[in-house]
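Chain order of the listed sequences is A and B.
Under the working numbering, the letters of the first sequence match residues 1 to 206, in that order.
Under the working numbering, the letters of the second sequence match residues 207 to 535, in that order.
Please read the structure below before turning to the comments.
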Amino acid sequence: MRAMRPEHELKRTAASAGKAANAGKAASAGKTVLTPEEIRRALSRIAHEILERTHGGEGVVLLGIPTRGVHLARRLAARIGEFEGAPVPCGSLDVTMHRDDLRLRPARALQRTEVPPEGVDGKTVVLVDDVLFSGRTIRAALDALNDLGRPRAVQLAVLVDRGHRELPIRADYVGKNLPTAYREVVRVLLTETDGEDSVLLGERDR
Amino acid sequence: MKRHLISAADLSRDEAVLILDTAAELASVAGRPIRKLPTLRGMTVVNLFYEDSTRTRTSFEAAAKRLSADVINFSARGSSVAKGESLKDTALTLEAMGADAVVIRHSASGAAHRLAGWVTGSVVNAGDGTHEHPTQALLDAFTIRQCLGAPGSQAGSPAGSPGPAPARRGHGLDGVRVTIVGDVLHSRVARSNVLLLSTLGAEVTLVAPPTLMPYAVETWPCRAGYDLDSELPKTDVVMMLRVQQERMTAAYFPSVREYRRRYGLDAGRMALLPGHAIVMHPGPMNRGVEIAAEVADSPRSTVVAQVANGVTVRMAVLYLMLGGAGAAS
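In structure tokens form, the structure reads like this:
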């Protein structure tokens, strides 16, 4: 079935909102912009920032956007648990059905949405994603979240902010600001999905 | 996903599993405060029903509405069909109204296939004569996977207690033994189920009186037999079919009582089933004919779960057919 594509490929093409259909084939190797240690430090810093900004993580729910955002959310939740001794609820939020580029490509497989049993009503929801690019994924996530309940506040944490926003959306917590050219491709590799931790910046194969 | 869904044989194993996985994710929508997704906003789904139906039509209607599509219900009674309009003219009328998908039920086998050649939108077969009913087979497969789980985890529980869903994602029904009992000859549900369940890896056995066994059944991807009692102990799923009196033009069995005694599922026969086995029925049930009331209402019966799953499976089918590129234009 045409809809079955590797998830990282979906992610990449989705971010560019259909402007580069073969972006997924991406990345002639590319150079490393974040090493495993730097990713670890960035996540630790974000965890501390979340705790500062939310007064000790009171009422915080972490929701990762599949696929890699979910693993990042789990790591952040574990860090926050270590620092504060109290666990933070953590889940996933699939945004596929709310995307604005659905009709530009074949229907795609859905990912899991798992909301912690506490729900999101009245909570401070921190959305977690790997790369912030056009902002369209986050727009879809805000719509999807709207159907699940009414959070007190919504914040956004990303590992890499690569610029080129197409919507008025910004991140509250950023692992690394990475100035890129539009035609470049950012690939986030995580141990859980790719066997190693790193962030690569490469040229898009044409 | 293909543009039309006419036959369960059109689906490859990967496509069928994708539909089941998509349905598994969509099932959570039913439990949310807002049971609606914006995905098919602005699209029109026409329910074209030439035969009476409650659950299939309402199920398709609910599925389309939960995806924010507009639904036009069209039934043969009270329409121009009563004045003698042909299927083709009706189809062209609907076409002119801009239907993105047509869900058709018709008493003639092959009606959906003919319709697919006349309209530009997608066609979903919701039952054509004694031919096929693919979405029923999909929801049956979904219910079996939900209740029995993935192969190896056969500790499965009776109806209505879905375990941890992720374990079942991506799985077919390999090794699950399904016995389909009753009026196979007139049953589009049986035909679609045999095709789909065998695609998914299940071992299907048909049990029916010789007069209700279809011609050339030996060419189907399943076994066939006449003795229900010998099959029951080695089955994981028993699917009872409705005796379709309205399609019977001859005497296929001497009396209802004799049919019930040899092929009806009562409490005594249910006791022959293994402990984890489930009892399915596509509905509407003839209580006291093919299924006894105490079986229909027992915790092993998945009849209610099948109806609930029907909406999510049909949502998955509509999403995969209409949600992406290609189908819309």
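Glycine included, each C-beta is placed from N, C-alpha and C at the ideal position.
Keep in mind that this is a model prediction, so the values were computed, not measured.
Subject >> Interface positions of the stretch 87-119 of chain A facing chain B (Cβ-Cβ less than 8 angstroms), listed along the chain >> reply: Asp94, Met97, His98, Leu102, Arg103, Leu104, Arg105, Pro106, Ala107, Arg108, Ala109, Leu110, Gln111, Arg112, Thr113
Original post:
Val501(B) to Ser507(B), Cα distance in whole Å?
Top reply: 7 angstroms
Original post:
For Gly248(B), which of Asp227(B), Thr262(B), Ser274(B) has the nearest alpha-carbon?
Top reply: For Gly248(B), the nearest C-alpha among the options comes from Ser274(B).
Original post:
Are the stretch 126-142 of chain A and the stretch 163-176 of chain A in contact at 8 angstroms, needing three or more beta carbon pairs?
Top reply: yes
Original post:
So, does the CB of Leu526(B) fall closer than 8 angstroms to a CB anywhere in chain A?
Top reply: For Leu526(B), the answer is yes, since a Cβ of chain A falls inside 8 angstroms of its Cβ.
**OP:** Compare the C-beta of Gly530(B) against all C-beta atoms of chain A and say whether one is closer than 8 angstroms.
**Re:** yes
**OP:** Have a look at Val158(A) and Arg165(A) and give me their C-alpha separation to the nearest angstrom.
**Re:** 14 angstroms
**OP:** Measure the CB-CB distance between Ser413(B) and Leu379(B) and report whether it falls below 8 angstroms.
**Re:** Reading off the sequence shown, one finds Val at residue 413(B), where the question assumed Ser. No. Outside cutoff.
Original post:
Asp216(B) CB to nearest chain E CB: under 8 angstroms?
Top reply: Given the protein chain composition of this structure (A and B), no chain E is represented.
**OP:** Output, in sequence order along the chain, the residues in the stretch 286-309 of chain B whose CB is closer than 9 angstroms to any CB in chain A.
**Re:** Flagged: no residues at all.
Original post:
At what residue ranges does the stretch 135-171 of chain A contain a whole run of the alpha helix (DSSP H), taking only runs of 4 or more?
Top reply: 136-148
Original post:
Can you name the residues of chain B whose CB is closer than 7 angstroms to the CB of Gly149(A)?
Top reply: Pro239
Subject >> Cα-Cα separation between Leu190(A) and Asp197(A), rounded to whole angstroms >> reply: Between the C-alpha atoms of Leu190(A) and Asp197(A) there is a straight-line separation of about 4 angstroms.
**OP:** Could you name the residues that DSSP lists as bridge partners for Met486(B)?
**Re:** Met445(B)
Subject >> Terminal residues of the beta strand (DSSP E) in which Tyr432(B) lies >> reply: From DSSP, Tyr432(B) is part of no beta strand (DSSP E); its letter is neither H nor E.
**OP:** For Asp227(B), return the contacting residues in chain A, with the cut-off set at a CB-CB distance below 8 angstroms.
**Re:** Using a Cβ-Cβ cut-off of 8 angstroms, Asp227(B) is close to Ala109, Leu110 of chain A, given in chain order.
Original post:
Can you tell me the Cα-Cα spacing of Leu224(B) and Ala230(B), whole angstroms?
Top reply: 10 angstroms
Original post:
DSSP beta-bridge partners for Asn177(A)?
Top reply: Looking at the DSSP assignment, Asn177(A) forms a beta bridge with Asp161(A).
**OP:** Check the Cβ of Ser234(B) against every Cβ in chain A and list those closer than 7 angstroms, keeping chain order.
**Re:** Thr113
Original post:
Is DSSP giving His71(A) helix, strand or coil here?
Top reply: Correct three-state label for His71(A): helix.
Original post:
Can we say the stretch 34-50 of chain A touches the stretch 103-122 of chain A, given the rule of at least three CB pairs closer than 8 angstroms?
Top reply: no
Original post:
In the stretch 322-343 of chain B, which residues sit with their C-beta less than 7 angstroms from some C-beta in chain A, listed in chain order?
Top reply: none
**OP:** Using the Cα positions of Leu217(B) and Gly407(B), report the straight-line distance between them to the nearest angstrom.
**Re:** 13 angstroms
Subject >> Residues near Val115(A) in its chain [Cβ-Cβ closer than 7 angstroms; skip 5 each side] >> reply: Gly91, Leu148
Subject >> Residue ranges of each beta strand (DSSP E) within the stretch 456-484 of chain B, 3 or longer >> reply: none
Original post:
To which residues does DSSP link Asp216(B) through a beta bridge?
Top reply: Answer by DSSP bridge pairing: none, since Asp216(B) is not bridged.
Original post:
Rounded to a whole number of angstroms, what is the C-alpha to C-alpha distance between Ala214(B) and Phe266(B)?
Top reply: 17 angstroms
**OP:** Using a Cβ cut-off of 8 angstroms, pull out every chain A residue sitting near Leu243(B), in sequence order please.
**Re:** Residues of chain A passing the Cβ test: Met97, His98, Asp147.
Subject >> Secondary structure of Lys242(B), DSSP reduced to three states >> reply: coil
Subject >> Cutoff 8 angstroms: Leu224(B) Cβ touching any chain A Cβ >> reply: yes
Original post:
With a cut-off of 8 angstroms, do at least 3 Cβ pairs link the stretch 422-429 of chain B to the stretch 445-456 of chain B?
Top reply: The answer is no - the stretch 445-456 of chain B does not touch the stretch 422-429 of chain B, with fewer than three Cβ pairs under 8 angstroms.
Original post:
How many Å lie between Ile138(A) and Ala181(A) at the Cα?
Top reply: The straight-line gap from Cα to Cα measures roughly 21 angstroms.
**OP:** Tell me whether Met303(B) is buried or exposed, calling it buried when 16 or more other Cβ atoms sit within 10 Å of its Cβ.
**Re:** exposed
Subject >> Distance CB(Leu540(B))-CB(Arg475(B)) smaller than 8 angstroms >> reply: What is shown of chain B runs 207 to 535, which leaves residue 540(B) out entirely.
**OP:** Can you tell me which of the three DSSP states Ala229(B) falls into?
**Re:** helix
**OP:** Assign Leu167(A) to one of two classes, buried (16 or more other C-beta atoms within 10 Å of its C-beta) or exposed (fewer than that).
**Re:** exposed
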